[in-house]
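S.K.: Each residue of the sequence shown is one higher than the one before, starting from 190 at the first, in my numbering. Built from N, CA and C at the ideal position, the CB exists for glycine as well. Below is a structure I'd like to ask you about.
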Amino acid sequence: MAHILSNAHRGRVILLVSLITAGYVGLGVRLVDIQVYQHDKHAEHALDNTRRKVIHASRRGDILDSRGAVLATSRIAKTVCADPSLIGTNQLLVARTIAPILGLDVNGMAKRMQRRVYTDAAGRQREDKHVVLKRKVLLEDWQRITNALANLEFGVDVKTLPRKERLALYNVKHRSIFSERVDSQLRVYPSGNLGAHVLGFVGVRDPGSAKVPMEGLEGKHGVEMMLDSVLEGARGWRETETDRGRREVVAYRGYDIKSRDGMNAVLTLDANIQYIAERALEKLCAKHTPASACVVVVNPNTGAILALANRPTFNPNKPGESTAANRRNRVVTDMFEPGSTFKIVAVSGALNEGVVRLTDRFNCENGRYYFAGKVLRDHHGYDQLTVEEIITKSSNIGTAKVAMRMGGERLHRYISQLGFGAKTGVSLPGEINGLLHPYKKWNKLSISRIPMGHEIAATPIQLTMAMSAVANGGRLMRPMLVEKLTDLEGKPVVQYEPAEVRKVIRDEAAEQMVEALITVVSPNGTARQAWLENYLVAGKTGTAQKPAKNRRGYEPGKYFASFIGFLPARKPELCIGVFVDEPHNGYYGGVVAGPAFKEIAEKSANYLGVKTSVPVKSLAEPKAELARR
């Protein structure tokens with residue numbers, strides 16, 4: 190019997206030893222599999238668990254005006270967070286301390302900092318230790334927060350408290366409120382809506398849509414958009430490995446790619462002239478309550494844009510609070526029938542071709558002229574007018590007859606040569622071509638209607654550059670908005686120069702056209718309200734009835750009023766266009782746009798120190814009707 194039990198015991202021992210041996214063999218096989226055959230896989234997994242990528246942020250370049258005033262800049266911003274587990278029962282005290290700095294509600298912040306315990310999917314108890322209070326907090330505000338918390342008073346003598354309670358209060362002051370590791374950039378426009386449509390605004394870059402994969406800010410409108418790549422720069426990064434305590438192992442530091450800061454953009458814009466233009470536009474809108482209005486101020490000799498303003502407008506610091514209509518830059522995106530400002534094209538072309546002289550006379554039919562079965566009217570009946578007087582009085586009939594003497598094909602060529610029907614090339618997004626039909630599609634009436642600004646559509650920038658071409662001796666200039674690109678120290682990297690598109694009008698013909706335009710800003714002209722005491726001004730008014738949208742003909746009671754002028758007339762330094770859509774309390778270009786031109790011209794000339802010139806002297810008090818059209 191004992192023998193039998195002994196054998197059974199021996200069998201159990203052998204079985205146990207076999208199982209243990211098999212276990213060790215299986216473990217060994219598994220270790221060999223992990224260590225040898227799956228080494229690469231697990232090594233990569235381990236590396237992923239310890240590898241960190243630290244981002245080196247690039248700074249977006251500034252946008253400055255021509256005199257160095259900062260119009261747009263980037264500032265370091267923090268994401269401010271809270272750890273409710275460390276705040277304990279001090280939510281209200283902490284909230285009262287930092288909520289005013291963050292511009293947040295005290296009670297709302299205190300509620301967000303309350304401890305929240307929840308159960309995760311595995312049934313384990315968890316607690317929020319990372320609650321975002323506010324993003325994009327300026328660095329200086331973050332420093333104010335840390336200083337305020339460091340000086341926080343609890344109403345007790347901390348030194349007398351037990352060590353555990355002292356540690357808890359220390360955590361409230363120094364650890365409970367923290368910022369995320371990676372800083373962001375906040376784009377700031379110090380002057381608010383000044384030059385908003387030129388500057389544009391930024392948004393968060395979508396990494397998936399970027400040509401170069403980088404995070405950060407992306408220009409969404411204006412110069413911010415047009416120069417996005419040079420303003421943005423490129424972000425860098427550093428790859429590191431960490432130990433089990435998530436401390437960096439310097440010996441295993443990998444790639445270290447330095448960031449490249451963006452360049453600064455210096456514009457031709459002058460912030461002071463921009464301010465003058467926007468204030469004058471505000472006054473105009475207050476008086477005439479138009480649907481929209483805009484102003485362009487250009488140096489006619491270089492094409493440099495000194496000011497560009499639109500109403501309605503928006504604040505680029507808060508673009509999301511505005512509508513798309515308010516953000517639209519109507520100077521380049523909107524077109525309209527220009528009306529009588531367009532008469533400079535036909536008359537200057539005819540002078541250039543030598544088919545008329547300023548002293549040539551035309552029968553203006555006492556205000557009613559039948560052509561191709563339709564009547565063409567003047568606002569006032571005139572008999573015989575010289576070419577100069579046709580411009581002075583803004584005669585539709587006289588201008589049509591001048592154009593007929595030149596011929597349709599030549600007229601079309603001059604319209605095209607002066608930049609209509611094509612983009613000007615200004616460095617702003619959304620520019621349109623305007624509307625110029627091919628000559629073959631003109632009808633029998635076109636030769637009589639187009640010279641007075643009908644059957645054609647132009648943008649404010651096109652009209653201003655065309656008038657600048659007349660002012661500067663017949664040279665059409667490309668509008669210039671960016672003067673240079675510099676590094677962050679202000680050293681020039683790229684310098685831009687004025688660009689002449691083409692010579693359109695001979696010097697002599699341009700001079701003759703200027704003399705005619707001088708008479709417009711006189712007691713006998715249509716723009717007496719643009720007259721200046723110390724400067725000789727030349728220009729042209731425009732009053733056009735708006736075409737109907739859903740039918741043929743024009744909208745009753747809806748007009749587009751404009752005035753484009755330059756000074757000093759014979760040696761111009763400023764060309765200013767004022768354009769007003771659907772004004773009230775008057776609609777003639779001279780009445781609506783003339784006073785705004787006068788204010789901008791006078792203040793800008795004084796600011797720039799433009800040498801005074803002898804104006805057209807008033808011979809008598811002008812009659813009211815002379816200010817019309």
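Applying the 10 Å Cβ sphere with the 16-neighbour rule, what's the burial state of Thr349?
M.R.: Its Cβ having fewer than 16 others within 10 Å, Thr349 is exposed.
S.K.: In whole angstroms, what separates the C-alpha of Pro508 from that of Tyr378?
M.R.: Cα-Cα distance, rounded: 11 Å.
S.K.: Could you give the DSSP three-state label for Arg355: helix, strand or coil?
M.R.: Helix, per DSSP.
S.K.: Please classify Tyr359 as buried or exposed, where buried requires at least 16 other C-beta atoms within 10 Å of its C-beta.
M.R.: Label assigned to Tyr359: exposed.
S.K.: Between the C-alpha atoms of Gly277 and Lys318, what's the straight-line distance to the nearest angstrom?
M.R.: C-alpha separation (whole angstroms): 12 Å.
S.K.: At what residues does the beta strand (DSSP E) containing Thr575 begin and finish?
M.R.: First-last of the beta strand (DSSP E) with Thr575: Gln573 to Thr575.
S.K.: Between Ala466 and Gly384, what straight-line distance do the alpha-carbon atoms span, to the nearest angstrom?
M.R.: Going by the C-alpha atoms only, they are around 10 Å apart.
S.K.: Beta-carbon separation of Cys474 and Thr653 under 9 Å?
M.R.: Taking 9 Å as the Cβ cut-off, Cys474 and Thr653 do not qualify as a contacting pair.
S.K.: Is the beta carbon of Gln374 less than 9 Å from the beta carbon of Leu406?
M.R.: Contact: yes.
S.K.: Would you tell me roughly how many angstroms separate the C-alpha atoms of Val682 and Val326, rounded to the nearest one?
M.R.: For Val682 and Val326, the distance between alpha carbons rounds to 32 Å.
S.K.: Note down the Cα distance separating Asn552 from Leu388, rounded to an integer number of angstroms.
M.R.: Straight-line Cα distance between these residues: approximately 50 Å.
S.K.: Which residue from Thr581, Gly662 and Pro273 puts its Cα closest to that of Thr530?
M.R.: Minimum Cα distance to Thr530 is reached at Thr581.
S.K.: If we ignore side chains and look at the alpha-carbon of each, how far apart do Arg500 and Asn336 end up?
M.R.: Taking the straight line joining both Cα atoms gives about 43 Å.
S.K.: If I follow the unbroken beta strand (DSSP E) through Glu689, where does it start and stop?
M.R.: Run containing Glu689: Glu689 to Lys692, per the beta strand (DSSP E) assignment.
S.K.: To the nearest whole angstrom, what separates the beta carbons of Leu721 and Ala790, a pair I think is in contact under 8 Å?
M.R.: 6 Å between Cβ atoms; contact.
S.K.: Skipping 5 residues on each side, what residues in its chain have a beta carbon closer than 7 Å to that of Leu470?
M.R.: Ala482, Val484, Ala498, Arg500 and Ala785, listed in sequence order.
S.K.: Near Asn461, what residues of its chain come up, given a Cβ to Cβ distance below 7 Å and the 5 sequence neighbours on each side ignored?
M.R.: Cβ neighbours of Asn461 beyond the five flanking positions: Tyr796.
S.K.: Please go through the same chain and pick out, in chain order, the residues whose beta-carbon is closer than 7 Å to the beta-carbon of Gln303, but skip the five residues on each side of it.
M.R.: Excluding sequence neighbours, Gln303 sits near Pro273 and Gln280.
S.K.: Going by the beta-carbon positions, is the gap between Val412 and Ala480 smaller than 9 Å?
M.R.: Cβ atoms of Val412 and Ala480: not closer than 9 Å.
S.K.: Please state the DSSP three-state secondary structure of Leu725.
M.R.: DSSP places Leu725 in coil when its eight states are reduced to three.
S.K.: Smallest Cα separation from Met669: which of Thr457, Gly381 and Arg557?
M.R.: It is Thr457.
S.K.: For His231, which three-state DSSP category applies?
M.R.: Caution is warranted here: a pLDDT of 49 is assigned to His231, below 50, making its placement in the model unreliable, and the coordinate value is therefore given only provisionally. Residue state, collapsed to three classes: helix.
S.K.: According to the neighbour-count rule (16 or more other Cβ atoms, all chains shown, within 10 Å of its Cβ), is Gln314 buried or exposed?
M.R.: Gln314 should be labelled exposed.
S.K.: Got a sec, what are the start and stop residues for the alpha helix (DSSP H) Phe786 sits in?
M.R.: Taken as a continuous stretch (DSSP letters only), the alpha helix (DSSP H) holding Phe786 covers Gly783 to Leu797.
S.K.: Indicate the three-state DSSP secondary structure (helix, strand or coil) for Ser368 in the structure shown.
M.R.: Note: Ser368 maps to strand in three-state DSSP.
S.K.: On a Cα-Cα basis, can you pick out the residue from Ala261, Arg394 and Ala705 that is closest to Val576?
M.R.: The shortest C-alpha separation from Val576 is found at Ala705.
S.K.: So within the segment 310–350, which uninterrupted beta strand (DSSP E) runs reach at least 3 residues, ignoring any that extend past its ends?
M.R.: Segments of the beta strand (DSSP E) lying fully in the segment 310–350: 314–316 and 320–327.
S.K.: When you compare only the Cα positions, how much space is there between Arg352 and Ile366?
M.R.: If you take the alpha carbons of Arg352 and Ile366, they lie about 21 Å apart.
S.K.: Counting only the same chain and skipping the five closest in sequence on each side, list residues whose C-beta sits under 6 Å from that of Ser751.
M.R.: Contacts found: Thr530, Gly731, Phe768, Gly778 and Ala782.
S.K.: Applying the 10 Å Cβ sphere with the 16-neighbour rule, what's the burial state of Glu578?
M.R.: It is buried - the Cβ of Glu578 has at least 16 other Cβ atoms within 10 Å.
S.K.: Take Arg684 as the anchor and find which of Val671, Pro772 and Leu677 has the nearest alpha-carbon.
M.R.: Per the sequence shown, the amino acid found at residue 684 is Gln instead of Arg. When each option's Cα is compared against that of Gln684, the closest is Val671.
S.K.: Between which two residues does the alpha helix (DSSP H) harbouring Ser751 extend?
M.R.: Unbroken run through Ser751 is the beta strand (DSSP E), Tyr743 to Leu756; no alpha helix (DSSP H).
S.K.: Quick one: what does DSSP say Gly778 is sitting in, helix, strand or coil?
M.R.: Three-state result, Gly778: helix.
S.K.: Find the nearest neighbour of Phe560 within the set Val803, Lys267 and Ile586, judged by alpha-carbon distance.
M.R.: Taking only the C-alpha atoms, the option nearest Phe560 is Ile586.
S.K.: Going by the CB atoms, is the gap between Thr801 and Asn723 shorter than 9 Å?
M.R.: Against a cut-off of 9 Å, the Cβ pair of Thr801 and Asn723 comes out as a contact.
S.K.: Quick check on Cys270: does DSSP put it in helix, strand or coil?
M.R.: Note: Cys270 maps to strand in three-state DSSP.
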